[in-house]
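Asks:
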Amino acid sequence: MNFSLLGLFVFVNQCVSYKILAVFPYNGRSHHNLFSTLVEELALRDHSVTVVNYFPMKNISKLRQIPLEYKVSGSDVVDIDDTLKNLPGILVNFHKALDTARAFKNLANSNCDKLMSNKEIQEIISSKTKFDLVIVEQFVTDCGLAVAFKLNAPIVGITAHILMPWTYSRLGALNHPAYVPNHFIGSGTKPGFWDKIQSALINIAFNIYFKYVIQKSDQMIINSVFEDVPDLDEIGKNISLILLNQYFPLTGSRLYGANVIEVGGLHIKENTTIDDEEIKSFIDKAESDVIYISFGTVASNFPDRIIKEIINFITKSSVKVLWKIDNVGNLNLPKNVLIRKWFPQTAVLCHPKVKAFITHSGMLSSIEAMHCGVPVISVPLFGDQFANAAAATEIGLGVTIDVSTMNERKINQALKTVMQDS
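Reading the sequence shown from the start, the letters are residues -17 to -1, 1 to 405 in mature numbering (1 follows the signal peptide of the UniProt record, and there is no 0).
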């Protein structure tokens, strides 16, 4: 036998290219930041990828994009004025949890309608285009599962957050409130007895509402376009694998099967160089420390009171500040602040002169802060941000400020605390 030929067969790597459809029906920028990292890398590795989403992506030869129509509506953003009014009961109050569920319904139906009415999606399904795999976001709408069903393709789920309460059962995962707190109650990773009671009640309410209200209305939208699509929950049970954007120090240890893989930090690039010369120069020329402020991509309409308190803090501070905000109105800004609508966040946080991060504590921002070793001052506003903030405080990553009582003095005290501890 020719051993040289045998060696060739042993050591040659097999290269297989797959045809993949990725369906991301939620119009959230932070979700896009995670998902785009995955699909762009798949395309760079010679897989043929078709992506259905709202935001532009890199121009890669193997990557085709089907854009969904994006128009900002009231369901796409959180008005901070409303958050402040409702804050005393926004997490622990059962009625507020149902308000969140109703907001999810509006969001789900809007996203589902845009997906199902897309002509390119309808053409792909009617032509019975063959895909080896469909990647579907698991958030508030299951309409992406209907697309996978019509294409008769294996399904991989992906999330930009921890599992929603209604996702556990379809994966065969245990969602026991004794040790898995509902992330809307903001208890961190060590829930007390009352937290566990609330988790149980809110999980039951969410599961019922999702199945009998959100899924029912989604099913009606689907049936108006496609025939013979079975119960969405039954399709969901065919998910082969789910990629879960969570990191156990923030969420606690949870019992999952082999079909659930934690990929927290997937979106973080190895290269953290700041290419923008103005930002780089602003940081490099700082004679003292630099702090970064960002409240994410969904919050809007910060009350003038809060903006003024932040500006007062910056004006009296010796640190330089990078502040991601769309608009500060006609207020005068001090010279030690640089305002932008967007910053290369990971690169900024990993810069050695950046010593603190004032954040809403979204999952991606929290993971980036941990990756770069930057202490946080959490100002959670809605959703899982309260749980992320509680966990960050619990593990010593930072401190939390209540947005309803946020002022210059509290910001200054929080900064002193995290700077001393770091």
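From the three backbone atoms N, C-alpha and C, an ideal C-beta is built for every residue, glycine too.
From a predicted model like this one, the values you see are computed outputs, not experimental measurements.
#1: What beta strand (DSSP E) runs, 3 residues minimum, are completely inside the region 131 to 157?
#2: For residue 236, count neighbouring Cβ atoms within 10 angstroms of its own Cβ and tell me buried if that reaches 16, exposed if not.
#3: Suppose you measure from the CA of residue 288 to the CA of residue 98; what does that come to, to the nearest Å?
#4: Using only the alpha-carbon positions, how far apart do residue 245 and residue 313 sit?
#5: By the DSSP assignment, the alpha helix (DSSP H) with residue 328 in it spans what residues?
#6: Identify whether residue 275 lies in helix, strand or coil by the three-state DSSP scheme.
#7: In three-state terms, what does DSSP make of residue 306?
#8: Using 10 angstroms around the beta-carbon of residue 198, count the other beta-carbons present and answer buried if the total reaches 16, otherwise exposed.
#9: Is DSSP giving residue 401 helix, strand or coil here?
#10: Using the Cβ count rule (16 or more neighbours within 10 Å means buried), how would you classify residue 399?
#11: Based on Cα-Cα distance, which residue from 34, 167, 26 and 93 lies nearest to residue 43?
#12: Specify the secondary structure class of residue 406 as computed by DSSP and reduced to three states.
#13: Who are residue 35's beta bridge partners in DSSP?
#14: So, under 8 Å CB-CB, residue 118 and residue 218 are touching, yes? Tell me the CB distance rounded to an integer number of Å.
#15: Of the choices 173, 103, 110 and 143, whose alpha-carbon is the least far from that of residue 122?
#16: Per DSSP, what are the beta-bridge partners of residue 323 in this structure?
#17: Going by other Cβ atoms of all chains shown within 10 Å of its Cβ, with 16 needed for buried, is residue 158 buried or exposed?
#18: Nearest to residue 173 by alpha carbon, out of 23, 150, 113 and 375?
#19: What beta strand (DSSP E) runs, 3 residues minimum, are completely inside the region 210 to 234?
#20: With a Cβ-Cβ cutoff of 8 Å, do residue 175 and residue 377 count as a contact?
#21: Helix, strand or coil, according to DSSP, for residue 360 in the structure here?
#22: In its own chain, which residues sit with a C-beta less than 7 Å from the C-beta of residue 17, not counting the 5 before and 5 after it?
#23: Is residue 248 helix, strand or coil when you go by DSSP?
#24: Among 273, 114, 52 and 352, whose alpha-carbon lies nearest the alpha-carbon of residue 96?
#25: By DSSP's criteria, residue 381 is part of a beta bridge. Which residues make up the other side?
#26: Can you give me the C-alpha to C-alpha distance between residue 209 and residue 49, rounded to a whole angstrom?
#27: Among 223, 233 and 253, whose alpha-carbon lies nearest the alpha-carbon of residue 241?
#28: What does the alpha-carbon distance come out to for the pair residue 339 and residue 149?
#29: Do the CB positions of residue 331 and residue 343 come within less than 8 Å of each other?
#30: Using DSSP bridges, identify the partner residues of residue 120.
#31: In the DSSP assignment, what residue or residues form a beta bridge with residue 243?
#32: At the level of alpha carbons, what is the spacing between residue 403 and residue 252?
#33: If you follow the alpha helix (DSSP H) that residue 17 is part of, which residue opens it and which one closes it?
#34: Could you give the residue range of the alpha helix (DSSP H) that holds residue 190?
#35: Residue 237 lies in the alpha helix (DSSP H); which residues open and close that run?
#36: What is the DSSP secondary structure of residue 58, reduced to helix, strand or coil?
Replies: Reading off the structure:
#1: 138 to 141
#2: exposed
#3: 39 Å
#4: 44 Å
#5: 328 to 332
#6: strand
#7: strand
#8: buried
#9: helix
#10: exposed
#11: 26
#12: Any property of residue 406 remains undetermined from this structure, which presents the chain solely from -17 to 405.
#13: 6 and 49
#14: Not confirmed; about 15 Å, so no contact.
#15: 143
#16: 307
#17: buried
#18: 375
#19: 222 to 227
#20: no
#21: strand
#22: 143, 228, 249, 250 and 347
#23: coil
#24: 52
#25: 359
#26: 19 Å
#27: 223
#28: 36 Å
#29: no
#30: 141
#31: 225
#32: 29 Å
#33: 12 to 27
#34: 176 to 192
#35: Taken as a continuous stretch (DSSP letters only), residue 237 belongs to no alpha helix (DSSP H), as it is neither H nor E.
#36: In this prediction, residue 58 has a pLDDT of 46, which is less than 50 and means its spatial position is unreliable; what the coordinates show is noted afterwards. Three-state result, residue 58: coil.
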